[in-house]
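Notes to accompany the following structure.
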Amino acid sequence: MSRFTLPRDIYHGKGCLEELKNLKGKKAILVVGGGSMKRQGFLDRAVNYLKEAGMEVQLFEGVEPDPSVETVMKGAEAMRAFEPDWIVAMGGGSPIDAAKAMWAFYEYPEVTFEDLCIPFNFPELRQKAKFAAIPSTSGTATEVTAFSVITNYQTGVKYPLADFNITPDVAIVDSELVEGLPAKQVAYTGMDALTHAIEAYVSTLNCAFTDPLAIQAIEMVFDYLPASYRGNMDARAEMHTAQCLAGMAFSNALLGIVHSMAHKTGAAFSTGHITHGCANAMYLPYVIKYNAKDPVAAKRYAEIARRVGLQGASEKALINSLCEKIDDFNVQMSIPKTLKEFGIIEEEFKEKIAKISELAVGDACTGSNPRSITPAEMERLFNCIYYGTEVDF
């Protein structure tokens, strides 16, 4: 038996933020990030809509990029003091991910972070509050997923939390919120969305429910990401839809080792944080080459290439065309091809990569990757990505 879970309501299209005024409740806590929503006026609009719905509103501001365990605990404490019946998270993936984890600690103060790190081990939520998510980037799709990523900065490890309980009740996908995104953020989040869709399509848990969402998202990203990056607002609206479709697919089909690797390298090196979407963009072509040694995965990658109009007389040629297309997107958007080009110091890479590889193999996303991988193979794959060498194993 398989399960397919989405938010009950998904509002989409420019201006749908206004749907907040139709929520039914008494108190809402609004969780936001670093201030872009406030500067652009969206935070005030959201607060006013919630008040129009008859709710008392409290803000929890300042969720950092890649939210920490500490921030989650502070937010849960604020929720326990305020006792909201709606948790509304607005912004990029970080405030929404953080609010999902806060939700669990709000309703179950005695639960431990170690408990929640076990996949699909959350207690039953919605005992005190429902959850609405409003994305301001076009990549993570956390507004429709059963996932949250929280960072333990003491260890440098990202923990992907997974449970259908944390799928939001309401998603408000308003393209107006992404019109002011910087080009670099459009690039990284767009490649994150592409990775979500491709990994969902080749996942061992793909099915007839997830495939149409994944392939539609892939086609839309290939069609609209370059124009969105260049500032075309119609294309940006299409990308906001595409990333949401990709999220619906991967929330149910799960992901693969591109994400396992990105989770374990984001905060691992002293030379600088590797933004999640940037890591995915770098790793994706190499992982495709690795996974394509599996015949089922190879067939699916070739299907993707055909669907987006790429050329190739054989399965292998089609897969090469797909990787070349992704490489071309990365070049267009100034995304490095290798970890060395990114700026990771070789000596530190060599020192840390064995442990990182072991952690990546143990990541929750590895289990649904179409080809199995050992820590030694993972280390070898990371070496290909560091130096830009061919994946031939």
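By the count of the working numbering, the sequence shown reaches residue 398 at its end, each step adding exactly one. We treat Cβ as the ideally placed atom computed from N, Cα and C, and that holds for glycine.
Identified DSSP bridge partners for residue i
i, result
"residue 35", "64, 93"
"residue 73", "156"
"residue 240", "For residue 240, which the question treats as bridged, DSSP gives no partner whatsoever."
Start-to-end residues for the alpha helix (DSSP H) that takes in residue i
i, result
"residue 332", "320-337"
"residue 235", "No alpha helix (DSSP H) contains residue 235, which DSSP labels as neither H nor E."
"residue 186", "Neither: residue 186 is in no alpha helix (DSSP H) and is coded neither H nor E."
"residue 41", "41-44"
"residue 351", "351-366"
"residue 118", "118-121"
"residue 390", "380-392"
"residue 260", "No alpha helix (DSSP H) contains residue 260, which DSSP labels as neither H nor E."
"residue 23", "Premise fails: residue 23 is in no alpha helix (DSSP H) and is neither H nor E."
"residue 342", "Unbroken run through residue 342: none, as it is neither H nor E."
Option nearest residue i by Cα separation, candidates the options
i, options, result
"residue 132", "170, 152, 147, 124", "170"
"residue 185", "235, 196, 222", "235"
"residue 386", "291, 190, 97, 328", "291"
"residue 61", "29, 391, 71", "29"
"residue 116", "278, 77, 93, 86", "77"
"residue 374", "238, 203, 323, 63", "203"
"residue 199", "164, 286, 174, 154", "286"
"residue 34", "378, 41, 52, 140", "52"
"residue 296", "280, 273, 324", "324"
"residue 231", "252, 127, 340", "340"
"residue 14", "178, 68, 302", "178"
"residue 159", "359, 105, 73, 395", "73"
"residue 315", "301, 105, 32, 227", "227"
"residue 141", "190, 151, 174, 150", "190"
"residue 303", "311, 320, 197", "320"
"residue 396", "289, 334, 365, 310", "289"
"residue 3", "269, 344, 249, 284", "Here the chain comprises residues numbered 6 to 398, so residue 3 is not present and cannot be evaluated."
"residue 344", "330, 223, 271", "271"
"residue 135", "305, 107, 322", "107"
"residue 172", "195, 255, 123, 221", "255"
"residue 157", "65, 12, 122", "122"
"residue 330", "224, 68, 146, 371", "224"
"residue 313", "152, 278, 222, 266", "222"
"residue 394", "294, 167, 165, 143", "294"
Residue i burial status per 10 Å Cβ neighbour count (16 or more: buried)
i, result
"residue 44", "exposed"
"residue 368", "buried"
"residue 16", "buried"
"residue 258", "buried"
"residue 275", "exposed"
"residue 328", "buried"
"residue 183", "buried"
"residue 119", "exposed"
"residue 187", "exposed"
"residue 37", "buried"
"residue 212", "exposed"
"residue 217", "exposed"
"residue 102", "buried"
"residue 318", "exposed"
"residue 93", "buried"
"residue 2", "Beyond the ends of the chain as shown, which are 6 and 398, falls residue 2; an answer cannot be given."
"residue 27", "exposed"
"residue 362", "buried"
"residue 239", "exposed"
"residue 86", "exposed"
"residue 6", "exposed"
"residue 112", "buried"
"residue 300", "exposed"
Extent of the continuous beta strand (DSSP E) to which residue i belongs
i, result
"residue 177", "175-178"
"residue 135", "135-140"
Residue i in three-state terms, based on DSSP
i, result
"residue 113", "coil"
"residue 17", "strand"
"residue 152", "strand"
"residue 167", "strand"
"residue 49", "helix"
"residue 129", "coil"
"residue 397", "coil"
"residue 274", "coil"
"residue 299", "coil"
"residue 87", "helix"
"residue 9", "coil"
"residue 265", "helix"
"residue 210", "coil"
"residue 98", "helix"
"residue 285", "helix"
"residue 230", "helix"
"residue 370", "coil"
"residue 81", "helix"
"residue 279", "coil"
"residue 217", "helix"
Residue i: CB within 7 Å of a non-hydrogen atom of the ligand ATP
i, result
"residue 335", "Within the structure as shown, the ligand ATP is missing, as the structure has no ligands at all."
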